[in-house]
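A.B. asks: Sharing a structure with you now.
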Amino acid sequence: MNLYILIFKERLDLKTTHYLKILFSMFTVIGIFSMGYVVYFSMHYPLPVSNYISLDAKIKFIRENIDVDKVDTLIVGSSLGLNNINGEVLDKTSIKASSVLNISVYGSAALEVEMLLELTDAFPNLKRIIYSAQYSDFPHEWYYENYDSEMLIKYMRDELNPIEHFLVMFRACNNLFFCFKRQSEWRNNHMMKNKFTYLGFDSTGSVPLHIYGEDIIGHRWRGAQPNIQNPKSFEAVDRMSKRAQKKGIKFYLIQGPYRGPLVEKHQFVRDALTHFAKRNAAIMKKNDGAFLSLHTLLHLDDKYFADRTHLNDLGSMVAAKAVGKFIDKTENIQGK
Amino acid sequence: MLFNSYEFIFFFLPITFFIYFYLNKKHWTQASKVFLVLSSLFFYAWWNVNYLPLILLSMFINYGIGRELSGFTTMFKRYAPKVLLSIGIIFNLALLGYFKYSDFFIINLNRVFHAEIVLWNLALPLAISFYTFQQIAYLVDSYRKETKEYDFLNYAVFVTFFPQLIAGPIVHHADMMPQFSNLKNKIKNYHNIALGLFIFSLGLFKKVIIADTFAVWATQGFDVAEKLNMLEAWVTSLSYTFQLYFDFSGYTDMAIGIALLFNIKIPMNFFSPYKATSIQDFWRRWHITLSRFLKDYIYIPLGGNRKGEVRTYTNLFTTFVLGGIWHGAGWTFVFWGILHGLALVAHRLWRKLGFKMHSLLAWFITFNFINIAWIFFRAVNFESALKVLKGMFFGDVIIPTLVSKYFEGMKEFGWTLGNWSKLYMSESYLLWWFIATFMVILFLPNSMQLKNKFKTNIFFMGLTILFFLSIFMLYRKSEFIYFNF
């Protein structure tokens, strides 16, 4: 470096004021370029407004495609909400559920779903919430980080004032390298429906998986999850259903199907399914919610599964039909 | 407000800068100082406004006692200066003790006497360790009649000046206050602005790109993993060693850079500490302002090296144990202080006996000692520290895929080849990070050397821009480690 400075000393030295002028001009150019890029990015890819790509993608999807004032049915949960209940089929099957929106987020634990439900204020005509879960969603005491539901609601409803909107864009700039990365990986990671990271939403925001044959991941297919169910998850369900009850919203807890061979093989899976069903059914009963175990009701064959708990697109249709009928029955309406 | 945040970089800093110099341009120098104090207090209160009265109280009381001790006021002339000084020091230590050490004290009382005293769970007021030390120094120097007559405004700027307020460097009144009074510093200095931006960007880069990358790996090993194999344990400990250095020196660079924008020169705090070839050398290069404080206000008053060999060793050891306690209320910090105290004693003995060592070996031993000692500094308890140490020396040996072909023969000794960690991503990525970081700490000039070589040329402009691009990676925004102390 000494040598470098020595060689270029004469040629590269600038008057301090010139130096600063050029430096600030460069900063301005960089600033303008980054804002321009963020605007471009926000038009084509999900802007990082949360710490979760599927939540970012969902917010963008709702903002651009959904009439939030019409939504009467929300599906929430982890991938078991996103993949397992086909929103479009539910929309068609059920008389009661006439405008379904799936706001599930990949990887959400029960306590995170509770945070997700803070977004319900964005939907003034909401009548029912369907929480699709399995015991494997219940071990973790996880919370979303940097989660600002108020801002998300405004952004989703396109109600940010110009300054707030500028700030959202401005803040996204501090994720610029992250944006580059997201852009470069988007097609391969999130637009392939044979992957568990697929984010190609149907018209209701659900993500039916097209995972068959060699796309199935061996250990996810063969291995059962341990029976760990955190009491805090059940407490979260209790709070969520109570809050829904207070607002006059019907809360449904749907237990997803589990691959039959694994249930037959492992006693602990049977215990886990029973414990999960019993605890949640009791909570639903207490808070005027409704509980349905798709596992017990459908006894689905392996051809409907993408792995031990995730259904493929075929399976998600069957599940959606069953849920639709259940909703209509619960709310005293005959199915279509 | 964090230095590495958009609020600070794009709002607070430019607004403060322009208003400060605008007021000075209008020759409203007193108003500019008031503005600087208020801005600094705003900066401080951004985290928690409840801390504000505490720092104000501390500032008023210390200033009052300081002036009395210097003889500039005589409101308490019936008290002997020594009594006043004791009151002042006790006040500061009581404040620090109450907020920082009360729970630690209760936990130990409960442990020893099997009592069940409820913890107070007090939130540690930000920067309390720093501003308390700075003001103790002011009191002691006032007692020694080594302070000049500073007005309260200058004193308030000295204590609250936002670049150094939260995590140092621990500035000395004699270095700072004349700068705040100097009228030359009230005029915008374009060279200082250019240099300040360069140093700030360098600090930002150190924090955001380097420290925060290593932070992820250190956390994986210390807080996530239940057991570590040998390689994982070394990755964990070295990651923290690098994280701490780049985090703290990055913060210091940012502080120095920001202060330069205001024509204030903050003392350097680091000088390539991991190049040290002895523990004494390390403490001349690491957290220099703390070392200076410990030397001037603890080691020397204890007698320094003037009272015989045994007292010298005792003083040295005591000083570093206290240094350990200053860093945190926990036995792991005490133990870290003990380790450094013992090492300094051993080093002194070694020198006294006239032993010599090749500098490469000396560096190797020093670096590894520091690396191991940091484990106790980082770990939440001894169990966690021992987990890492056990992994480093007795963990399973797994040879990474990159070099496994050279170790085929070691399989029979129980070594495993191949997939060595579930904690960390691609091993080549990790390897390059470690190689590059070692190169940086050992062979590249440090911030202070770069500062001295700085010229307003295209090379440094390119570096400033390159480093400043770190602002596009602030999504990993995290607090600075030394905010906790």
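For the protein sequence lines, the chains are W and S, in the order given.
Sequence positions in the first sequence follow my numbering and run 1 to 336.
Sequence positions in the second sequence follow my numbering and run 337 to 821.
Ideal Cβ placement from N, Cα and C applies to all residues, glycine included.
Computed from a predicted model, the values in this text were never measured in an experiment.
(1) At which residues does the alpha helix (DSSP H) containing W:ARG157 begin and terminate?
(2) What's the C-alpha gap between W:THR93 and W:PHE251?
(3) Rounded to whole angstroms, how far is the Cβ of S:ILE636 from the Cβ of S:LEU658, which I believe are closer than 8 Å?
(4) Taking the beta strand (DSSP E) that W:LYS250 belongs to, which residues open and close that run?
(5) W:GLY77 bridges to which residues according to DSSP?
(6) Name, in chain order, the residues that DSSP records as bridge partners for S:ILE701.
(7) So, is the C-beta of W:MET26 closer than 7 Å to a C-beta in chain S?
(8) Let me check one thing: in DSSP terms, what residues is W:ASP13 bridge-paired to?
(9) Could you tell me whether the stretch 343-362 of chain S touches the stretch 141-161 of chain W, where touching means 3 or more Cβ pairs closer than 8 Å?
(10) Among S:GLY798, S:THR352, S:GLN616, which residue has its Cα nearest to the Cα of S:SER376?
(11) Using only CA atoms, which one of W:SER136, W:LEU47, W:SER25, W:LYS127 lies nearest to W:LYS247?
(12) Using a beta-carbon distance below 7 Å, is S:ILE443 in contact with chain W?
(13) As a quick exercise: from W:PHE27, W:ILE53, W:TYR258, W:ILE130, pick the residue whose alpha carbon is nearest that of W:GLN183.
(14) Report the option in W:ILE283, W:GLU145, W:MET26, W:TYR37 whose CA atom is closest to the CA atom of W:MET169.
(15) Where do the ends of the alpha helix (DSSP H) carrying S:LEU431 lie?
(16) Which residues in chain W sit within 9 Å of S:ILE734, going by Cβ to Cβ distance?
(17) Could you run through the stretch 447-468 of chain S and flag, in chain order, every residue whose CB is less than 8 Å away from some CB of chain W?
(18) Have a look at W:GLU114 and S:TRP667 and give me their C-alpha separation to the nearest angstrom.
(19) Could you name the residues of chain S that W:ASP302 contacts, counting a contact when the two beta carbons are closer than 8 Å?
(20) Helix, strand or coil for S:VAL454, going by three-state DSSP, please let me know.
(21) Which residues mark the beginning and the end of the alpha helix (DSSP H) in which S:VAL495 is found?
(22) Which of the three DSSP states is assigned to W:THR120 in this structure?
(23) Once DSSP output is grouped into helix, strand and coil, what is the label at W:SER50?
(24) Should S:ILE706 go down as buried or exposed, given a rule of 16 or more other Cβ atoms within 10 Å for buried?
(25) Verify the CB distance criterion: does W:ASN174 have a CB-CB separation below 7 Å to chain S?
(26) Please confirm if S:PHE534 has its CB atom under 7 Å from at least one CB of chain W.
(27) For the alpha helix (DSSP H) containing W:ALA236, list its first residue and its last residue.
(28) With 8 Å as the limit, tell me which residues of the stretch 163-193 of chain W have their beta carbon closer than that to any beta carbon of chain S; keep them in chain order.
(29) By DSSP, does W:VAL263 sit in helix, in strand, or in coil?
(30) Residues of chain W with a CB under 7 Å from the CB of S:LEU810: which are they?
(31) Specify the secondary structure class of W:SER293 as computed by DSSP and reduced to three states.
(32) Is it the case that the Cβ atoms of S:VAL544 and S:ASN782 are separated by a distance below 7 Å?
(33) Which same chain residues, not among the five before or five after S:LEU390, have their C-beta less than 7 Å away from its C-beta?
(34) From the beta carbon of W:TYR19, is the nearest beta carbon of chain S less than 7 Å away?
(35) Does chain W have any CB closer than 7 Å to the CB of S:ASN704?
(36) Would you grab the beta carbon distance between S:ILE615 and S:ALA569 for me? Rounded to a whole angstrom, and I think it's under 8 Å.
C.D. replies: Here's the rundown:
(1) Taking the first sequence and counting its residues from 1, one reaches residue 157 of chain W at position 157. No alpha helix (DSSP H) holds W:ARG157; DSSP gives it neither H nor E.
(2) Stepping through the first sequence from its first residue, residue 93 of chain W is reached at position 93. Stepping through the first sequence from its first residue, residue 251 of chain W is reached at position 251. W:THR93 and W:PHE251 have their C-alpha atoms roughly 19 Å apart.
(3) Indexing the second sequence from 1 puts residue 636 of chain S at position 300. Indexing the second sequence from 1 puts residue 658 of chain S at position 322. With a Cβ gap of about 13 Å, S:ILE636 and S:LEU658 do not count as contacting.
(4) Along the first sequence, one-based indexing puts residue 250 of chain W at 250. Here the beta strand (DSSP E) through W:LYS250 covers 250-255.
(5) On the first sequence, position 77 is the one that residue 77 of chain W refers to. According to DSSP, W:GLY77 bridges with W:SER132.
(6) For this step, residue 701 of chain S is matched to residue 365 along the second sequence. Looking at the DSSP assignment, S:ILE701 forms no beta bridge with any residue, so it has no partner.
(7) Locating residue 26 of chain W in the first sequence gives position 26, where the first residue counts as 1. Yes, because at least one Cβ of chain S sits closer than 7 Å to the Cβ of W:MET26.
(8) Within the first sequence, residue 13 of chain W is the residue found at index 13, counting from 1. For W:ASP13, which the question treats as bridged, DSSP gives the partners S:ASN793.
(9) Touching, no, given that fewer than three Cβ pairs across the two stretches are closer than 8 Å.
(10) Here the question's residue 376 of chain S lines up with position 40 in the second sequence. When only C-alpha atoms are compared, the closest one is S:THR352.
(11) In the first sequence, counting from the first residue as 1, residue 247 of chain W sits at position 247. Comparing Cα positions, the closest option is W:LYS127.
(12) Locating residue 443 of chain S in the second sequence gives position 107, where the first residue counts as 1. No, no contact with chain W.
(13) For the purposes of this step, residue 183 of chain W is identified with residue 183 of the first sequence, where counting begins at 1. The shortest Cα separation from W:GLN183 among W:PHE27, W:ILE53, W:TYR258, W:ILE130 belongs to W:ILE53.
(14) Residue 169 of chain W sits at position 169 when you count from the first residue of the first sequence. Comparing Cα positions, the closest option is W:TYR37.
(15) Residue 431 of chain S sits at position 95 when you count from the first residue of the second sequence. Looking at the DSSP string, the run of the alpha helix (DSSP H) that includes S:LEU431 is 417-432.
(16) For this step, residue 734 of chain S is matched to residue 398 along the second sequence. Correct list: empty, because the minimum Cβ distance to chain W is about 21 Å.
(17) none
(18) Looking up residue 114 of chain W in the first sequence gives position 114. Looking up residue 667 of chain S in the second sequence gives position 331. Taking the CA atoms as reference points, W:GLU114 sits about 39 Å from S:TRP667.
(19) In the first sequence, residue 302 of chain W corresponds to position 302, counting from 1. Within 8 Å Cβ-Cβ: nothing; W:ASP302 doesn't reach chain S, min ~29 Å.
(20) In the second sequence, the residue the question calls residue 454 of chain S occupies position 118. Secondary structure of S:VAL454 (DSSP, three-state): coil.
(21) Reading the second sequence from its first residue, position 159 is the one you call residue 495 of chain S. That run of the alpha helix (DSSP H) goes 488-496.
(22) On the first sequence, residue 120 of chain W is found 120 positions in, with the first residue counted as 1. Helix at W:THR120.
(23) Position 50 of the first sequence, counted from the start, is the residue given in the question as residue 50 of chain W. It is coil, neither helix nor strand.
(24) Numbered from its first residue, the second sequence carries residue 706 of chain S at position 370. With 16 or more other Cβ atoms within 10 Å, it is buried.
(25) Sequence index remark: in the first sequence, residue 174 of chain W carries index 174 (1-based). So yes, W:ASN174 belongs to the interface.
(26) For the purposes of this step, residue 534 of chain S is taken as residue 198 along the second sequence, with counting starting at 1. By this cut-off, S:PHE534 is not an interface position.
(27) Walking along the first sequence from the start, residue 236 of chain W turns up at place 236. Taken as a continuous stretch (DSSP letters only), the alpha helix (DSSP H) holding W:ALA236 covers 231-246.
(28) PHE170, ARG171, CYS173, ASN174, ASN175, LEU176, PHE177, PHE178
(29) Residue mapping note: residue 263 of chain W aligns to position 263 of the first sequence, counting from 1. Correct three-state label for W:VAL263: helix.
(30) Walking along the second sequence from the start, residue 810 of chain S turns up at place 474. Within 7 Å Cβ-Cβ: ASN174.
(31) As a first step, residue 293 of chain W is located in the first sequence; it is residue number 293 there, counting from the start. Correct three-state label for W:SER293: strand.
(32) Here the question's residue 544 of chain S lines up with position 208 in the second sequence. Here the question's residue 782 of chain S lines up with position 446 in the second sequence. No, the pair does not count as a contact, with Cβ atoms beyond the cut-off.
(33) Counting from one through the second sequence, the residue named residue 390 of chain S turns up at place 54. Same-chain partners within the cutoff: PRO461.
(34) Stepping through the first sequence from its first residue, residue 19 of chain W is reached at position 19. Yes - at least one Cβ of chain S is within 7 Å of the one on W:TYR19.
(35) What you label residue 704 of chain S is simply residue 368 of the second sequence in a count that begins at 1. Not one chain W Cβ lies under 7 Å of S:ASN704.
(36) Within the second sequence, numbered from 1, the residue matching residue 615 of chain S stands at position 279. Within the second sequence, numbered from 1, the residue matching residue 569 of chain S stands at position 233. 23 Å between Cβ atoms; not a contact.
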